[in-house]
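Numbering (the numbering used here), first residue to last: 54 to 448.
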């Protein structure tokens with residue numbers, strides 16, 4: 054009996070078809086080239102960015118890549134090629150190290166920033182405990198900078214209490230924040246510290262001071278608020294900051310930080326594009342607006358203003374905010390956020406105290422500035438003459 058399925062098999066093996074039926078057509082022109090030099094076709098492609106940084110062979114110092122003039126502009130020819138460069142690097146430790154540094158510089162993790170949202174009260178000890186908890190949580194998460202809002206130290210019930218609680222920058226409270234920065238190894242942006250200066254005894258007025266601490270606890274920069282908030286919304290909000298606060302007298306140059314060049318402002322400064330454009334002109338890549346917006350103004354203007362500053366300067370904008378019931382007669386708007394150079398909100402806090410996080414992508418920032426180069430299109434030679442011309446034309 055034949056095995057199962059044997060009846061389906063031919064008893065005689067069919068004749069093998071002639072080989073000429075499977076003969077391939079003559080090879081195209083590149084085929085001999087590939088047989089002669091497997092990497093030769095790569096010579097028509099420029100090296101990738103991470104290889105272009107390694108320009109010469111370590112042993113001879115000869116260039117790896119050089120564009121050669123050819124009759125056809127559509128097909129450039131390089132005397133070296135990508136595969137040869139990779140082989141050179143693989144055989145030389147120094148070359149491998151250079152390649153690794155170049156690749157990790159472009160592909161490595163982007164700096165992470167943490168932006169705090171708090172509900173400050175007149176209780177300075179309670180406020181410090183709340184802020185320090187946020188800073189420690191952000192440091193544990195890997196943030197390089199932690200941003201705290203205006204009035205992080207306290208928010209008084211009235212001007213008398215605000216003045217009585219103020220301290221100097223070399224006082225006990227700021228010393229505790231310096232120690233906190235050292236302990237956590239992070240930069241701290243402390244926006245809106247109520248500062249007594251040397252003129253306190255004669256003026257009985259304070260300054261609204263934005264303090265930037267580095268990871269050693271050193272004060273890297275101090276900016277004193279130049280635009281003071283004097284507003285009166287009938288039946289809703291009345292505020293006259295100038296009644297107990299002196300205005301600052303200068304804009305501070307941007308500070309180099311692990312996240313980028315940081316420009317300092319405070320709250321009401323947000324409404325003045327001149328300061329943000331000045332910081333952008335000075336090299337800022339990140340603008341920070343620690344704030345304590347009230348609910349009526351915040352709900353109407355907060356996000357619109359922040360996104361506008363981001364778009365017009367093509368900077369990241371970081372805005373830490375007060376939120377909730379600070380005392381019996383004040384409620385803050387909150388909505389801490391980060392906007393990117395395109396004006397997109399990339400991080401935002403929900404209601405209540407907490408943190409939001411954002412990566413700062415400076416390569417993306419440079420791309421936005423390259424594609425829409427508004428800064429190079431500015432006509433600074435004209436802007437200052439508008440008011441003068443209007444004044445001369447008045448009867």
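Ideal Cβ positions, reconstructed from N, Cα and C, are used throughout, including at glycine.
Inset, instruction - Return helix, strand or coil for residue 361, following the three-state DSSP convention. - result: Locating residue 361 in the chain shown gives position 308, counting from the first residue. Residue state, collapsed to three classes: helix.
Legend entry - Beta-bridge partners of residue 246, as assigned by DSSP: The residue labelled residue 246 in the question sits at position 193 within the chain shown. Answer is 262.
Inset, instruction - Just grab the DSSP bridge partners of residue 310 for me. - result: Against the chain shown, residue 310 aligns to sequence position 257. In the DSSP output, where bridge partners are listed per residue, residue 310 has 313.
Inset, instruction - Give me the Cα-Cα distance between residue 242 and residue 263, rounded to the nearest whole angstrom. - result: Taking the first residue of the chain shown as position 1, residue 242 is located at position 189. Taking the first residue of the chain shown as position 1, residue 263 is located at position 210. Between residue 242 and residue 263, the C-alpha separation is close to 7 Å.
Legend entry - Top-ranked residue by Cα proximity to residue 341, from 279, 221, 392: Stepping through the chain shown from its first residue, residue 341 is reached at position 288. Per the Cα distances, 392.
Inset, instruction - Indicate whether residue 191 and residue 408 have their beta-carbon atoms separated by less than 8 Å. - result: To locate residue 191, count along the chain shown from 1; it is residue 138. To locate residue 408, count along the chain shown from 1; it is residue 355. Yes, Cβ-Cβ distance for residue 191 and residue 408 is below 8 Å.
Legend entry - Nearest to residue 246 (by Cα), restricted to the options 278, 235, 271, 257: Locating residue 246 in the chain shown gives position 193, counting from the first residue. Nearest C-alpha to residue 246: 278.
Inset, instruction - Output yes or no for whether 8 Å exceeds the beta carbon distance between residue 282 and residue 320. - result: The residue labelled residue 282 in the question sits at position 229 within the chain shown. The residue labelled residue 320 in the question sits at position 267 within the chain shown. Contact: yes.
Inset, instruction - Give the DSSP-derived three-state secondary structure of residue 207 in the structure shown. - result: Here residue 207 corresponds to residue number 154 of the chain shown, with the count starting at 1. Coil at residue 207, not helix or strand.
Inset, instruction - Take every Cβ of the region 360-379, pair it with every Cβ of the region 201-219, and state whether three or more of those distances are shorter than 8 Å. - result: yes
Legend entry - Buried or exposed (CB count within 10 angstroms, at least 16 for buried), residue 430: Sequence index remark: in the chain shown, residue 430 carries index 377 (1-based). The residue in question, residue 430, is exposed, as its Cβ has fewer than 16 Cβ neighbours within 10 Å.
Inset, instruction - Kindly indicate which residue of 298, 349, 266 has the alpha-carbon position closest to the one of residue 287. - result: The residue you call residue 287 lines up with position 234 of the chain shown. The candidate whose alpha carbon is nearest that of residue 287 is 349.
Inset, instruction - Count the other CB atoms, across all protein chains shown, that sit within 10 Å of the CB of residue 22; report buried if there are 16 or more and exposed otherwise. - result: Outside the shown range of the chain, which is 54 to 448, sits residue 22, and nothing can be said about it.
Inset, instruction - My understanding is that residue 358 touches residue 390, with C-beta atoms under 8 Å, so please give their C-beta distance in whole angstroms. - result: As a first step, residue 358 must be located in the chain shown, where it is residue number 305. As a first step, residue 390 must be located in the chain shown, where it is residue number 337. The Cβ separation is near 11 Å, so there is no contact.
Legend entry - Own chain partners of residue 346 with C-beta closer than 6 Å, once the 5 adjacent residues on each side are dropped: As a first step, residue 346 is located in the chain shown; it is residue number 293 there, counting from the start. Cβ neighbours of residue 346 beyond the five flanking positions: 355, 386.
Inset, instruction - With residue 423 as the anchor, note down where its alpha helix (DSSP H) starts and where it stops. - result: To locate residue 423, count along the chain shown from 1; it is residue 370. It spans 415-424 - the alpha helix (DSSP H) in which residue 423 sits, taken as one unbroken run.
Legend entry - Same chain, Cβ closer than 7 Å to residue 273, neighbours up to 5 away in sequence not counted: The residue you call residue 273 lines up with position 220 of the chain shown. Correct list, in chain order: 265, 266, 267, 308.
Inset, instruction - Please state whether DSSP places residue 320 in a helix, a strand or coil. - result: As a first step, residue 320 must be located in the chain shown, where it is residue number 267. Helix.
Inset, instruction - Mind checking which residues open and close the beta strand (DSSP E) that includes residue 285? - result: Taking the chain shown and counting its residues from 1, the one referred to as residue 285 is at position 232. Counting along the chain, the beta strand (DSSP E) containing residue 285 begins and ends at 283-286.
Inset, instruction - Please classify residue 346: does DSSP put it in a helix, a strand, or coil? - result: Stepping through the chain shown from its first residue, residue 346 is reached at position 293. If DSSP states are grouped into helix, strand and coil, residue 346 belongs with coil.
Inset, instruction - Return the CA-CA distance between residue 421 and residue 316, expressed in angstroms with no decimal places. - result: As a working note, residue 421 is residue 368 in the chain shown. As a working note, residue 316 is residue 263 in the chain shown. Roughly 19 Å separates the two Cα atoms.
Legend entry - With 16 other Cβ atoms within 10 Å as the buried cut-off, status of residue 226: The sequence position of residue 226 within the chain shown is 173, counting from 1. Its Cβ being crowded by 16 or more others within 10 Å, residue 226 is buried.
Legend entry - Boundaries of the beta strand (DSSP E) in which residue 376 is found, first to last residue: The residue you call residue 376 lines up with position 323 of the chain shown. Looking at the DSSP string, the run of the beta strand (DSSP E) that includes residue 376 is 374-380.
Inset, instruction - Can you give me the Cβ contacts of residue 291 inside the same chain, cut-off strictly under 7 Å, excluding the 5 residues immediately before and after it? - result: Stepping through the chain shown from its first residue, residue 291 is reached at position 238. Only 285 meet the Cβ criterion.
Inset, instruction - Leaving aside the five residues before and after residue 229 along the sequence, list all residues of the same chain whose C-beta is less than 7 Å from its C-beta, in chain order. - result: What you label residue 229 is simply residue 176 of the chain shown in a count that begins at 1. The residues are 181.
Legend entry - Contact belief for residue 171 with residue 183 at Cβ below 8 Å, rounded distance in angstroms: As a first step, residue 171 is located in the chain shown; it is residue number 118 there, counting from the start. As a first step, residue 183 is located in the chain shown; it is residue number 130 there, counting from the start. Indeed, because the Cβ distance is near 6 Å, the residues count as touching under 8 Å.
Inset, instruction - Identify whether residue 185 lies in helix, strand or coil by the three-state DSSP scheme. - result: Taking the chain shown and counting its residues from 1, the one referred to as residue 185 is at position 132. Reduced to three states, the DSSP call for residue 185 is helix.
Legend entry - Cβ-based burial, residue 435 [other Cβ within 10 Å; buried from 16]: Start at 1 with the first residue of the chain shown, and residue 435 comes out as number 382. Exposed is the call here.
Inset, instruction - Could you please give me the residues that DSSP links to residue 369 through a beta bridge? - result: The residue you call residue 369 lines up with position 316 of the chain shown. Answer is 339, bridged to residue 369.
Inset, instruction - Under 7 Å Cβ to Cβ from residue 296, same chain only, skipping five residues before and after it: list those, please. - result: Taking the chain shown and counting its residues from 1, the one referred to as residue 296 is at position 243. Closer than 7 Å at Cβ, skipping near neighbours: 212.
Legend entry - Cβ-Cβ separation, residue 362 to residue 323 (assumed contact under 8 Å), whole Å: Locating residue 323 in the chain shown gives position 270, counting from the first residue. Locating residue 362 in the chain shown gives position 309, counting from the first residue. Contact flag correct, Cβ pair sits at about 7 Å.
Inset, instruction - May I ask you to list the residues that DSSP assigns as paired with residue 293? - result: As a working mapping, residue 293 is identified with position 240 in the chain shown. Beta-bridge pairing links residue 293 to 283.
Legend entry - Exposure label - residue 367; buried when at least 16 CB within 10 Å: By 1-based counting over the chain shown, the position of residue 367 is 314. So residue 367 counts as buried.
Inset, instruction - Report the option in 214, 219, 166 whose CA atom is closest to the CA atom of residue 200. - result: To locate residue 200, count along the chain shown from 1; it is residue 147. The shortest C-alpha separation from residue 200 is found at 166.
Legend entry - Euclidean distance between Cα positions of residue 210 and residue 176: Along the chain shown, read from residue 1 onward, the residue named residue 210 stands at position 157. Along the chain shown, read from residue 1 onward, the residue named residue 176 stands at position 123. Looking at the two C-alpha atoms, the distance is approximately 11 Å.
Legend entry - Minimum C-alpha distance to residue 394 - residue among 425, 404, 405: As a working note, residue 394 is residue 341 in the chain shown. When only C-alpha atoms are compared, the closest one is 425.
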